[in-house]
Amino acid sequence: MATPVMDKAEAVAKSQASPYITVTFRIRRFNPEVSDAAVWEDFQIEIDPKERVLDGLHKIKWDVDGTLTFRRSCAHGICGSDAMRINGKNRLACKTLIKDINPEKPITVEAIKGLTVLKDLVVDMEPFFQAYRDVMPFLVTKGNEPTRERLQSAEDRERFDDTTKCILCAACTSSCPVFWNDGQYFGPAAIVNAHRFIFDSRDEAGEQRLEILNDKDGVWRCRTTFNCTDACPRGIEVTKAIQEVKRALITRRF
Ligand code: FES
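The numbering of the sequence shown is this note's numbering, which starts it at 40 and goes up by one.
Structure below.
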């Protein structure tokens, strides 16, 4: 069967067709200087579905309402500053394409859960970073000044490769129902960063970190819901890392 030939005018019209569509962003706004209650506000914008949710937020902030408040820095999935709940799921706005989240319906955007909202999409990250600091996220060696680099076999390096990928965006911790409860739980991100050093053959403070996580608000509060693994934008097997830390606490082998 002959293939229908597109006439020239039709081809030109098609090539000039706008890629833009109208999308509704439904954003949960909160401004403590105006009201104690958060409210949902709709914004309709024209956007190319191949653009990202972060681009949509920029359009709103720059062209419609300059008071919209959110964090972002690198805009390329590296700094971890723009984790938010998009259509009910924790994601990085800079890594989420409009076309992948059904732009025919309003796209809901709200702050991550379990941390105090300061304004709009910005939360107080201090409890999250305190838990991170508490697990000593740095190499510890005792009186072992190296005169050259500390060597490690490829197998030993592989042991904690996955957990080196964390960008501290809090998508995992703020997707955890245990963390939502009271915010006292260390949370997945802190445990992931403890894992990164506990299983590092060059480190000498594994026992100390395990004892820190043996606390009532430590690793045993994990209920293995896998929310953290689902939420991680870096694809880290977060729940598996937590299980490995639990096992190390029981066997004292790491
Ligand atoms: S803005 Fe840096 S990770 Fe998204």
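Using N, Cα and C, we set each Cβ at its ideal position, and we do this for glycine too.
Residues proximal to ligand 1 by C-beta, any heavy atom closer than 7 Å: L93, R111, S112, C113, A114, H115, G116, I117, C118, G119, S120, D121, L131, A132, C133, K134, I206, C208
Among T180, C208, Q191, nearest to R111 - alpha-carbon criterion: As a first step, residue 111 must be located in the sequence shown, where it is residue number 72. When each option's Cα is compared against that of R111, the closest is C208.
Inter-residue spacing [alpha-carbon to alpha-carbon] between A210 and N126: Here residue 210 refers to the residue found at position 171 of the sequence shown. Here residue 126 refers to the residue found at position 87 of the sequence shown. Taking the straight line from one Cα to the other gives about 14 Å.
Sequence-distant residues of its chain with Cβ nearer than 8 Å to G222 (five each side left out): Translated into positions along the sequence shown, residue 222 becomes position 183. Excluding positions up to five away in sequence, the list reads G153, L154, P166.
Exposed unless 16 or more other CB atoms sit within 10 angstroms - verdict on G182: Taking the first residue of the sequence shown as position 1, residue 182 is located at position 143. Exposed, because fewer than 16 other Cβ atoms sit within 10 Å of the Cβ of G182.
The alpha helix (DSSP H) enclosing Q223, as first and last residue numbers: On the sequence shown, residue 223 is found 184 positions in, with the first residue counted as 1. Looking at the DSSP string, Q223 is not in any alpha helix (DSSP H), and its letter there is neither H nor E.
Rounded C-alpha distance that separates E184 from A287: The residue given as residue 184 occupies position 145 in the sequence shown. The residue given as residue 287 occupies position 248 in the sequence shown. Distance between the alpha carbons of E184 and A287: 27 Å.
The region 234-248 in contact with the region 185-197 per 3-pair CB rule at 8 Å: yes
Three-state secondary structure (DSSP) of L288: Mapped onto the sequence shown, residue 288 falls at position 249. The answer is helix: DSSP assigns L288 an H, G or I state.
Whole-angstrom distance between G226 and L136, CA atom to CA atom: As a first step, residue 136 is located in the sequence shown; it is residue number 97 there, counting from the start. As a first step, residue 226 is located in the sequence shown; it is residue number 187 there, counting from the start. The alpha-carbon atoms of L136 and G226 are separated by roughly 28 Å.
Proximal residues to K89 (C-beta, below 8 Å), its chain only, five neighbours per side dropped: What you label residue 89 is simply residue 50 of the sequence shown in a count that begins at 1. These residues qualify, in order along the chain: P58, L136, I137, K138.
R196 - containing beta strand (DSSP E), residue span: As a working note, residue 196 is residue 157 in the sequence shown. Element bounds for R196: not the beta strand (DSSP E) but the alpha helix (DSSP H), 193-197.
Buried or exposed by the 16-neighbour rule on C-beta atoms within 10 Å, applied to K313: Residue 313 lies beyond the range of the chain shown here (40 to 293); nothing can be said about it.
Spatially closest choice to C271 from A122, Q247, D104, by CA coordinates: Residue numbering aside, residue 271 sits at position 232 when the sequence shown is read from its first letter. Comparing Cα positions, the closest option is A122.
Of the listed residues Q169, T180, I99, nearest to T212 (C-alpha basis): For this step, residue 212 is matched to residue 173 along the sequence shown. Among Q169, T180, I99, the Cα nearest to that of T212 belongs to Q169.
Cβ-Cβ separation, I140 to R65 (assumed contact under 8 Å), whole Å: As a working mapping, residue 65 is identified with position 26 in the sequence shown. As a working mapping, residue 140 is identified with position 101 in the sequence shown. At roughly 12 Å, the Cβ-Cβ gap does not stay under 8 Å, so R65 and I140 are not in contact.
Same chain, Cβ closer than 6 Å to L26, five either side skipped, listed in chain order: Shown here, the chain extends from 40 to 293; a query on residue 26 therefore has no answer.
Short Cβ contact (9 Å threshold) for R262 with P216: Mapped onto the sequence shown, residue 262 falls at position 223. Mapped onto the sequence shown, residue 216 falls at position 177. A contact, by the Cβ cut-off of 9 Å.
Contact set for G218: own chain, Cβ-Cβ below 7 Å, skip 5 residues either direction: For this step, residue 218 is matched to residue 179 along the sequence shown. As written in the sequence, residue 218 is Phe, which differs from the Gly given in the question. These residues qualify, in order along the chain: G153, T212, Y224, G226.
Alpha helix (DSSP H) segment containing R260, residue limits: The sequence position of residue 260 within the sequence shown is 221, counting from 1. Run containing R260: none; DSSP gives neither H nor E here.
Sub-9 Å separation of C205 and R130 beta-carbons: Residue numbering aside, residue 205 sits at position 166 when the sequence shown is read from its first letter. Residue numbering aside, residue 130 sits at position 91 when the sequence shown is read from its first letter. Against a cut-off of 9 Å, the Cβ pair of R130 and C205 comes out as no contact.
Inter-residue Cα distance where the pair is T264 and I117: Against the sequence shown, residue 264 aligns to sequence position 225. Against the sequence shown, residue 117 aligns to sequence position 78. Whole-angstrom Cα-Cα distance: 26 Å.
Close Cβ partners of F293 (< 7 Å) along its chain, the five nearest in sequence each way excluded: Here residue 293 refers to the residue found at position 254 of the sequence shown. Counting only Cβ-Cβ distances below 7 Å, and skipping sequence neighbours, we find I237, F238, G245, A287.
Nearest candidate by alpha-carbon position, reference H115, set D256, T106, V92: For the purposes of this step, residue 115 is taken as the residue at position 76 of the sequence shown. Closest by alpha carbon: V92.
Secondary structure of R248, DSSP reduced to three states: In the sequence shown, counting from the first residue as 1, residue 248 sits at position 209. In the displayed model, R248 falls within a helix according to three-state DSSP.
Candidates D159, E49, V73, of which the one nearest C108 by Cα: Within the sequence shown, numbered from 1, the residue matching residue 108 stands at position 69. The question names Cys, yet the displayed sequence has Thr at residue 108. Out of D159, E49, V73, D159 has the C-alpha closest to the C-alpha of T108.
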